[in-house]
Every structure is written in structure tokens, then in C-alpha cells.
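For the sequence shown, position 109 matches number 109 in the UniProt record's numbering, and the numbering has no gaps at all.
No residue lacks a Cβ here, since even glycine has one placed at the ideal position from N, Cα and C.
Right, one structure below, let's go through it.
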Amino acid sequence: MSKKILIVDDAAFMRMMIKNIVIKNGYEVVGEAENGKQAVELYANGSPDVVTMDITMPEMDGIEGVKAIRAIDPNAIIIMCSAMGQQSMVMDAIQAGAKDFIVKPFQQDRLLQALERVLSRGK
């Protein structure tokens with residue numbers, strides 16, 4: 001059974017890029033959100049195996065999104081996606097419970113490595 005991914009990014013082209021990579025590599029996309037608030041709602045309804053979460057978004061940023069999702073499911077697996085220069089925010093995200101992070105713009109291999117790594121650790 002393919003692993004289910006929830007993609008969270010305020011940039012539509014970034015969601016599309018991640019979606020294309022994961023589908024092409026056998027994952028199932030169970031939802032897309034453009035901010036942390038939508039991500040929390042979709043997570044509660046969709047039970048994804050992994051969430052890819054942008055840090056900087058309107059309404060609710062990725063760090064608050066991580067905290068809210070982990071309040072629902074302490075075992076949630078979340079990979080943060082950040083632009084260069086957001087290292088302090090990445091540390092905040094890891095402390096909030098994110099399992100890994102990738103720096104944008106990223107290569108397909110880096111995303112797939114992060115997914116394999118967090119999934120191999122299990123929930």
C-alpha cells in the first residue's frame with residue numbers, strides 16, 4: 001500500500017512540484033493546503049503518513065502548524081521545507097516536532113531521501 005502524503009505550501013507551483021515527485025515515485029497525495037490552518041483540518045480528516053510543510057505561510061505558519069498537528073497526533077511525521085536563510089526557524093520547527101527538513105529549492109533526490117528516512121523510522 002502506498003504511503004499517504006499531505007503537501008502544505010502557500011506557493012501553488014511548489015505544491016505541484018512536490019506532488020509530481022511523490023506521485024511519480026509511488027506515493028499517494030491525500031491533500032494539499034496553502035497554510036497551516038488548512039493543513040491541520042486536512043490532517044485531522046485524512047490521516048496522512050507524512051506531511052511536507054512550508055515554514056513561511058499566511059494565516060498559520062509552518063511552525064504553528066507542526067505544533068497544532070502534533071497536538072492532534074503526537075506521532076505525526078512532518079518534514080519542513082524552508083528557503084535558504086531560515087535556519088533559526090528550522091530549529092524552531094525541529095523543536096516543535098518536525099522530523100526532518102529540506103532546503104528550497106531542493107532536488108528530487110533530497111525530497112525522496114527525507115521521505116524514506118522518516119518513514120523507515122516509523123510512527
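Straight-line gap, residue i to residue j (C-alpha atoms, nearest Å)
| i | j | result |
| --- | --- | --- |
| Ala98 | Asn75 | 10 Å |
| Met16 | Ile55 | 17 Å |
| Ala68 | Tyr27 | 24 Å |
| Met91 | Leu119 | 21 Å |
| Ala96 | Gly46 | 21 Å |
| Gln87 | Thr52 | 17 Å |
| Arg117 | Phe13 | 25 Å |
| Lys123 | Lys24 | Only weak support is given to the placement of Lys123: the predicted model assigns it a pLDDT of 45, under 50, and the question is left unresolved by the model. |
| Ile79 | Ser2 | 18 Å |
| Leu111 | Ala44 | 24 Å |
Selection from the options that minimises the alpha carbon distance to residue i
| i | options | result |
| --- | --- | --- |
| Asn20 | Arg117, Ser120, Asp109, Val118 | Asp109 |
| Asp9 | Asn25, Ala44, Met60, Glu28 | Met60 |
| Ile72 | Val30, Lys37, Ile102, Met80 | Lys37 |
| Cys81 | Arg70, Val50, Ala68 | Val50 |
| Ala11 | Asn45, Gln87, Lys24, Ala83 | Ala83 |
| Leu115 | Ile63, Gly62, Ile77 | Ile77 |
| Met89 | Glu64, Gln107, Leu111 | Glu64 |
Supposed close pair residue i, residue j - CB separation, criterion 8 Å
| i | j | result |
| --- | --- | --- |
| Glu41 | Met57 | Not a contact, Cβ separation roughly 14 Å. |
| Val30 | Leu6 | 6 Å |
| Pro48 | Lys4 | 4 Å |
| residue 124 | Ala93 | Residue 124 lies beyond the range of the chain shown here (1 to 123); nothing can be said about it. |
N-terminal and C-terminal residue of the beta strand (DSSP E) that residue i is part of
| i | result |
| --- | --- |
| Gly31 | 28-33 |
| Ala83 | 78-83 |
| Lys3 | Taken as a continuous stretch (DSSP letters only), Lys3 belongs to no beta strand (DSSP E), as it is neither H nor E. |
Residue range of the unbroken alpha helix (DSSP H) whose run includes residue i
| i | result |
| --- | --- |
| Ala12 | 12-24 |
| Asp109 | 108-121 |
Residue i: CB within 7 Å of a non-hydrogen atom of the ligand MN
| i | result |
| --- | --- |
| Ile21 | Here there are no bound small molecules, and the ligand MN is not part of this structure. |
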